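For reference, the structure discussed in these notes is given below.
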Amino acid sequence: MRKTKKHKVYSIEEKNEIVKEYLGGLSRRNDLIRKYDLGSPSVLKRWVNQVKVYGSVMDRRG
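Following the numbering used here, the numbering of the sequence shown begins with 3 at its first residue and continues without gaps.
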């Protein structure tokens, strides 16, 4: 039986800080993905798009 890895749940503030670090040029995308264990580049891309459109990461949780 294969064990699955539970992903970390980030707060809105944490997500915004990660995006700020990326957009500010402080870290490269792949470095942030590894540093924060985001699992996939699409996660960071989604957060960046939300910040560009809405000014902040949106909370999509129920």
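C-beta atoms are modelled at their ideal positions from N, C-alpha and C, and glycine is treated no differently.
As the structure is a prediction and not an experimental result, all values here were calculated from the model.
Residue i, buried or exposed, once every other Cβ within 10 Å from all chains shown has been counted against 16
{"i": "residue 59", "result": "buried"}
{"i": "residue 14", "result": "exposed"}
{"i": "residue 46", "result": "buried"}
Beta-carbon proximity of residue i to residue j, cut-off 7 Å
{"i": "residue 11", "j": "residue 49", "result": "no"}
Span of the alpha helix (DSSP H) around residue i
{"i": "residue 17", "result": "14–25"}
{"i": "residue 8", "result": "From DSSP, residue 8 is part of no alpha helix (DSSP H); its letter is neither H nor E."}
{"i": "residue 56", "result": "43–56"}
{"i": "residue 33", "result": "31–37"}
6 Å CB neighbourhood of residue i in its chain, flanking five on each side removed
{"i": "residue 24", "result": "34"}
Sequence-distant residues of the same chain with beta carbon closer than 8 Å to residue i, five excluded per side
{"i": "residue 43", "result": "31, 32, 35"}
Cβ shell of residue i (< 7 Å), same chain only, five flanking positions each side left out
{"i": "residue 41", "result": "9"}
{"i": "residue 27", "result": "none"}
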